[in-house]
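Note sheet for the following structure.
2 protein chains.
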Amino acid sequence: MTRASSRRPGPPTRTERGIPEATVARLPVYLRALTALSDGGIATASSEDLATAAGVNSAKLRKDLSYLGSYGTRGVGYDVEYLRYQIAREIGVTQDWAVVIVGIGNLGHALANYSGFGTRGFRIVALLDADPTLIGERIGDMEVRDFAELEDIVKADRVSIGVITTPAGPAQEVCDRLVAAGVTSILNFAPVVLSVPDGVDIRKVDLSIELQILAYHEQRKSGEAALPQVPELPALNGLTDYPTVGGGVGA
Amino acid sequence: MTRASSRRPGPPTRTERGIPEATVARLPVYLRALTALSDGGIATASSEDLATAAGVNSAKLRKDLSYLGSYGTRGVGYDVEYLRYQIAREIGVTQDWAVVIVGIGNLGHALANYSGFGTRGFRIVALLDADPTLIGERIGDMEVRDFAELEDIVKADRVSIGVITTPAGPAQEVCDRLVAAGVTSILNFAPVVLSVPDGVDIRKVDLSIELQILAYHEQRKSGEAALPQVPELPALNGLTDYPTVGGGVGA
DNA sequence: CCGATTTTGTTCTCACGTTCACAAGCTCCT
DNA sequence: AGGAGCTTGTGAACGTGAGAACAAAATCGG
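As given, the protein sequences belong to chains A and B, one line each in that order.
Mapping the first sequence onto the working numbering, position 238 (from 1) lands on 1330, and the numbers just tick up by one.
Mapping the second sequence onto the working numbering, position 106 (from 1) lands on 1198, and the numbers just tick up by one.
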C-alpha cells in the first residue's frame, strides 16, 4: 500500500521556484518592514533586526528568504534596498496591477479612498456598482461607473484583480461576472463562500469571523470560573429554545 | 476511549478542551453556513452538505466538529439548530461582547455603519477618535467620542475587544492605551506590527497584504510567457548601486 | 596572512494540520 | 427481528510548517 520507494526521502521535493504558501503570506510583511527600515535611513539589517521589525523569529525569516535565493551576506546581513527590490519583484509588485472594486457601499467607499492603496503596485481603475443612484458619484478622483461596463473595463485595462465589497446577496453573481470577464484573482469582503473555477484565486477578508475568533479566545481567558459547565443535553426535541449559558444576562 | 491502555501517545495530546487553532478559525464559517441552512428551512444536514456550504471538505469538517463533542447522529447527520447553538456557545457568541472602535476615518466609518456587525454577539459601545473635528459627529445611532474617554468606557461597559482603524502612525500608542485600559483582544487594521504583552490577543486584517498575495499568484499564472517586462536588475530608482554579492571592495 | 567573530543558509527534528479509510452506530425496510 | 444502507467519529498516514542547531562564508583585528 505504501509506495514510498520512488520518492527520495531527503529533500522536501520543493518545485523549482515553488515558494511555500506560508512564506508567500509573510513576504509582504517583510516588504513593509524593509520599507520602514529604508525610510528610516537604515542601509543594512541582520535577520534579527528584520525579524523584530516584521514580528517573526529570525530563523523563520532566514528560511523564508532562502526560498528566494541567497540575497544576504554572511557576517553582515542584508542590504535593505536590494532585498526590498528582490522581494517586491518576487511578489510581483514591481509592476502595476489593475484593480476594480465592485460594490460601492460603506466599505467600497473606504477602500476607494484608501489613498496609499497598500504600497505601490496596485492601481484602481474602476469603481463599479449596479445601483443607478450611485453611478456618477465622485470619490476622490474617480467616478462610480455602471457594473454593466465591467467587461469593457477589464478588457481595456487588462484587469486581473477584482475586489468584491457588495453585500452577501449579489456576491456570487458579481464573482461569476468577474471571472467571465477574465479576472483571475478576487479579494472578497462579502460574508459568503464564493465558488470559482480552477485557476481563479480567491482570498477572503471577513470582519465578523475575525471578531469571533477573538471572542473564542477571550471567552477562554475570562471564562473558566465565570462559566459553569453547560448542561449535557438540553431538551431539544423539536424545540429551538436553547438555554442561555449560565451566569449570563437573562434574555 | 479517551485513555489508551498502552503507553503509546495515541491521542495527539490535546488539552482537555483545547481546540486546534486552525479549527477555531473555521468554526465561524460553519456557524454562518448553519445559519444559512437554518434560514433556508433546513432542519438536518449531513457533514457533506455542511462541508459544501462552508467550502471545506467533509472529513475536515467532521474532525473539526469532533473537537466540540459528538453532536451528530450516525446515519442521519446533524440537527442544524442544535449544532448551530453548540458552535455559537463554543465560540462564545451566545453572549454579547462589548467592542470599541478607535480611529473614525474611512474604514472606521464603514465598520461603524456595518449594521449586522457580523452576526449577533458583538455590540459596538463606542466610536473613538482623538481628532476634535470628528468628535460629536453622529454615525448611525452613535456619536464619536473623545479617545481620552477610553478608560472610562472600557471600565463602564466591560469592553474586552478593541478595533484599531487608525493610520499606522498612532496605532501602537492606541494599542498600548487599549491594553492599559484593560482590553485583552485587539483587531488591528493598521498596517503595522503591533506588540502587546502576553495574554493579549491580536488579529490583523491587512488589505494590501492580501492584494500582494494575490499578485504573487497572479504573476505566476500569467507570468512565464506573458510578462517580459521584468528585467533582471533594473536601476531601481537610479539611486542605489547594489553591492555585488562577491564584490571585493578593497579597503 | 591568519584566526576570531559575526551572521547567513541549511539541515534535522518535531509539531501541527489535512486527508484517507473504516469501524461504530443509527434508521429503515423486509 | 434482523440485515442493508447511511453517516458519523476517529485512528493512522501523509504533507507542511516551525524552530533549534550548526556548517559555511564573509569581515575585521592583529
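Each residue gets a CB set at the ideal place from its N, CA and C atoms; glycine is no exception.
Treat the numbers as computed from the prediction; the structure is a model and nothing was measured.
If the five residues before and after residue 1217 of chain B are omitted, its C-beta is found closer than 7 Å to the C-beta atoms of 1190, 1191, 1192, 1245, 1249 and 1251, all from its own chain and listed in chain order.
Under the three-state reduction of DSSP output, residue 1252 of chain A falls in the coil class, being neither helix nor strand.
Residue-level contact check: residue 1239 of chain A does not touch chain B, since none of the beta carbons of chain B fall below 8 Å from its beta carbon. Between the C-alpha atoms of residue 1267 of chain A and residue 1240 of chain A there is a straight-line separation of about 13 Å. Beta-bridge pairing by DSSP links residue 1214 of chain A to A:1189.
Against chain B, the beta carbon of residue 1310 of chain A has neighbours under 8 Å at 1184, 1189, 1252, 1253, 1276, 1277 and 1293, listed in chain order. At a cut-off of 8 Å between C-beta atoms, residue 1301 of chain A counts as an interface residue with respect to chain B. Flagged as an interface residue toward chain A: residue 1313 of chain B, by a C-beta distance shorter than 8 Å.
At a Cβ-Cβ threshold of 8 Å, residue 1123 of chain A and residue 1196 of chain A do not count as neighbours. Taking 8 Å as the cut-off, the beta carbon of residue 1146 of chain B is found no closer than this to the beta carbon of residue 1157 of chain B.
With contacts defined as CB atoms closer than 8 Å, residue 1184 of chain B and residue 1257 of chain B fail to qualify as a contacting pair.
In chain order, 1183 place their CB closer than 7 Å to the CB of residue 1120 of chain B, counting only its own chain and leaving out the 5 sequence neighbours on each side.
Within the same chain, 1156 and 1159 come within 6 Å of residue 1115 of chain B by CB-CB distance, once the 5 residues on both sides are set aside.
Under DSSP, residue 1170 of chain A takes part in a beta bridge, and its partners are A:1137 and A:1164. Under the criterion of beta carbons closer than 8 Å, residue 1144 of chain B and residue 1172 of chain B do not qualify as touching, at roughly 14 Å. Taking C-beta atoms as the reference points, residue 1293 of chain A and residue 1309 of chain B count as a pair closer than 8 Å. The DSSP-derived three-state label of residue 1268 of chain A is helix. If you draw a 10 Å sphere on the C-beta of residue 1112 of chain A, you find fewer than 16 other C-beta atoms in it, and that means exposed.
Under the 8 Å criterion on CB atoms, residue 1112 of chain A is classed as non-interfacial with respect to chain B.
Residues of the stretch 1146 to 1164 of chain B with a Cβ closer than 8 Å to any Cβ of chain A, in chain order: 1146 and 1147. The secondary-structure analysis by DSSP pairs residue 1277 of chain A across a beta bridge with A:1253 and A:1293.
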